[in-house]
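Residue numbers (this note's numbering), protein chains in the order written: chain F, 6 to 251; chain E, 299 to 634.
Just below is one structure, and these are the notes that go with it.
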Amino acid sequence: MKTVRIDAQGLHYTPLNTMIREAVAGGATEIVIDHVMGQRFIADGLKGNATLVINGVPGGDLGMFMSGPTCVVNGNCEHAPGNTMDEGTIVIHGSAGDAVAHSMRGGRVLVRDSIGYRGGIHMKQYDSKRPQLIIGGCARAYLGEYMAGGEILVLGTGCRETVTERGLGSGIHGGAIFVRGEVDEWYLGVGARKAPLTGTDREDIESMVREFSRWFGTDADALLKEPYTKIVPSSARPFANKYTWE
Amino acid sequence: MDGSQIRKALSLMDERGSGEGSGYVVYGAFPEFRDYYAIHVFFDNIHLTKPAVDEVLSSWGAVRHEEEVPTYDTGKIKKVHTPYRYFFKPDPSLMPRSATPGDDIVTQIVMKINTTIPGALVYSSGKNVAVFKASGWPEEVADFYRIEDYEGYIWLGHNRYPTNTPGWWGGAHPFNLLDWSVVHNGEITSYGTNMRYIESFGYTCTMFTDTEVVAYLFDLLIRQHNLPPEIAVRALAPPFWDEIERMPEKERLLNTALRLTYGPAMMNGPFAIVVASQDGIVGFTDRIKLRPLVTGTNGDRLYISSEEAAIRTYDPDVTGIEMPRAGEPVIGRVIA
């Protein structure tokens with residue numbers, strides 16, 4: 006394993022990303038970046054399978070269009086980590102802002118604590134690419150808004166209730182949202198409905214919970230004993246009459 | 299607190315601006331003139347227009363002291379206006395039927411200068427309050443005024459990315475009237491409705507931008523109508539009707555009354571706003587949270603920002619980073 010250390014103190018994101026790319030091109034398998042404070046676009050469009058350890062608070066759009074690498078953040082994230090990410094993993098040892106995993110098309114985003122509004126907005130899937138967003142704490146309103154594919158799991162650890170805000174799955178037309186515990190109908194967004202869990206769903210939840218626990222050291226078996234609620238689109242094309250004419 | 303930390307924190311978010319407008323406001327700037335309205339004016343040509351402004355002021359009260367606002371040529375900002383300030387005491391006997399004659403006279407002066415004297419714009423008019431703004435990046439504007447030379451107990455800063463109207467000195471945030479200063483991220487799409495409403499109470503919008511209306515709405519709702527800040531924010535960013543229907547009866551009646559009374563004051567569109575007065579600050583977002591807002595605390599200090607990293611840059615020892623719920627105000631009260 007070849008490790009490269011970068012001190013990001015006072016560094017703009019452009020030279021920082023140049024240094025990251027140079028490290029990857031030089032064969033680094035682990036890149037540790039210290040003193041990160043608000044630099045946006047870290048690891049954007051980065052390919053390969055290096056692991057980036059980000060110490061601090063990275064700015065918005067961490068790992069946008071990233072394809073392959075793993076980002077481990079020791080701190081909170083701002084808006085939209087995993088924006089349109091293609092493949093790879095983002096692990097956040099903290100919380101994250103709004104629009105986490107915005108338009109993600111592959112890979113996984115795991116957040117130890119809570120996330121802001123519109124988590125998983127516009128997530129999509131195609132062929133073998135099925136992105137997953139796993140949230141340890143709770144999620145604010147409009148989770149899975151306009152979601153077109155992939156899976157979101159909310160564990161609600163440390164929250165009184167997992168879902169307490171409106172618009173859950175608002176405009177969803179593909180993919181599924183899994184929430185630990187019960188979900189009051191009132192919180193469901195337009196075009197979303199609850200559905201019974203299938204065997205495949207249970208397998209998916211188990212694999213997501215185990216992956217989450219592997220990163221954050223939580224008790225997977227205890228979490229898996231809990232009930233989960235599944236939220237899906239209300240029909241195959243819930244908005245057919247709204248935007249299109251036959 | 300002097301202005302050096304907010305300069306650093308705001309500059310961290312340069313990505314959010316376009317270099318066409320930045321600004322700051324500080325409360326507690328002029329302890330030696332704390333009882334005087336600090337009326338700040340941008341003059342296009344000070345020799346031509348100052349006599350007209352002097353005349354308006356002298357007809358409504360007395361100027362205790364006046365000076366050009368110190369600026370420093372850094373080669374970065376073109377000084378297209380001359381910032382100038384008066385420390386002014388209005389004569390309350392000229393507004394005998396008002397409960398707040400000083401504030402009413404100064405409001406009238408601001409509206410009069412801004413609408414009838416071309417080449418003069420009052421951009422700050424509160425007691426013990428100073429706004430510093432210009433067209434430039436946050437660090438450039440800070441250096442232009444040397445805001446590190448000013449001390450105060452509340453600071454707001456703003457970095458503008460003008461989208462709907464041109465960038466100019468008057469259009470930079472914060473917007474101020476009397477004690478109220480506003481910084482705003484987003485667009486108030488209900489601006490037309492809000493503007494017609496607020497102008498029916500005698501305010502005049504002159505700065506070609508939506509944020510100005512927020513300063514006037516706060517002045518109307520809190521100073522003139524005596525609403526507490528929680529209720530004022532509730533009127534401007536109210537819960538949805540389907541949420542009101544689910545509330546217990548007392549709360550439902552209150553919220554229904556507020557929506558009906560202040561319908562035209564309700565602000566639509568994406569926004570995150572922080573309003574300051576000498577008593578504290580209030581931060582809130584639109585009710586579907588289309589703009590970011592993060593808070594942090596450290597002892598008796600409250601921070602509100604678009605980004606956590608900016609708060610941590612201001613104060614590396616900050617604790618209690620939180621994200622307020624959409625439409626719900628975060629209120630910091632001055633306690634000493």
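Glycine is no exception: its CB is placed at the ideal position from the N, C-alpha and C atoms.
Only a predicted model underlies this, so the values are computations on that prediction, with no experimental measurement involved.
Count the CB pairs spanning the region 512–527 of chain E and the region 411–428 of chain E that are closer than 8 Å, and state whether there are at least three.
no
Residues of the region 77–90 of chain F with Cβ closer than 8 Å to any Cβ of chain E, in chain order
Asn-81, Glu-83, His-84
Closer than 6 Å by C-beta to Ile-609 (chain E): which residues in its own chain qualify, once you throw out the five before and the five after it? Chain order, please.
Gly-594, Tyr-601, Ser-603, Val-616
Considering only residues of the region 397–464 of chain E, which uninterrupted alpha helix (DSSP H) runs meet the minimum length of 4 residues and lie entirely inside it, listed in chain order?
399–414, 436–443
Since Ala-55 (chain F) and Ile-36 (chain F) should fall inside the 8 Å C-beta cutoff, what is the C-beta to C-beta distance between them, to a whole number of angstroms?
6 Å
Under 7 Å between beta-carbons, which chain F residues line up against Arg-610 (chain E)? List them in chain order, please.
Met-42, Val-62
Is it buried or exposed for Val-324 (chain E), if we count other Cβ within 10 angstroms and need 16 for buried?
Around the CB of Val-324 (chain E), 16 or more other CB atoms lie within 10 Å, so the residue is classed as buried.
Three-state secondary structure assigned by DSSP to His-345 (chain E):
helix
Expected contact under 8 Å - CB spacing of Ser-423 (chain E) and Leu-475 (chain E) to nearest Å:
Right, the Cβ-Cβ distance comes to about 6 Å (below 8 Å), so this counts as a contact.
Alpha carbon to alpha carbon, how far is Phe-46 (chain F) from Gly-53 (chain F)?
If I take the Cα positions, the gap works out to 17 Å.
Buried or exposed, going by whether 16 or more other CB atoms sit within 10 Å of the CB of Val-481 (chain E)?
By the neighbour-count definition (other C-beta atoms within 10 Å, threshold 16), Val-481 (chain E) is a buried residue.
Round the Cβ separation of Trp-358 (chain E) and Leu-392 (chain E) to the nearest angstrom and send it over; I've been treating them as touching at under 8 Å.
6 Å
CB contact flag (Ser-108 (chain F), Lys-134 (chain F), <9 Å)
no
Here's the rule: buried if 16 or more other CB atoms are within 10 angstroms of the residue's CB, otherwise exposed. What is Leu-558 (chain E)?
exposed
Report the three-state DSSP secondary structure of Leu-115 (chain F) (helix, strand or coil).
strand
Leaving aside the five residues before and after Pro-527 (chain E) along the sequence, list all residues of the same chain whose C-beta is less than 6 Å from its C-beta, in chain order.
Taken in chain order, the residues that qualify are Val-580, Ile-629.
Does any CB atom of chain E fall closer than 9 Å to the CB of Arg-165 (chain F)?
no
What does Asn-60 (chain F) pair with, by DSSP beta-bridge criteria?
F:Asn-79
May I ask you to report which of helix, strand or coil DSSP gives Pro-388 (chain E)?
strand
What number of angstroms, rounded off, separates the C-alpha of Arg-305 (chain E) from the C-alpha of Ala-197 (chain F)?
45 Å
Proximal residues of chain E, C-beta to C-beta of Ala-197 (chain F) below 7 Å
Ordered by position in chain E, no residue passes the 7 Å Cβ test against Ala-197 (chain F), which lies about 15 Å from the chain.
Which ranges does the alpha helix (DSSP H) cover as unbroken runs of at least 4 residues, wholly within the region 355–387 of chain E, from first to last along the chain?
none
Terminal residues of the beta strand (DSSP E) in which Pro-527 (chain E) lies
Careful: Pro-527 (chain E) lies outside any beta strand (DSSP E), inside the alpha helix (DSSP H) at 527–534.
Amino acids of chain E, ordered along the chain, whose beta-carbon sits closer than 9 Å to that of Asp-189 (chain F)
Residues of chain E passing the Cβ test: none, with the nearest at roughly 11 Å.
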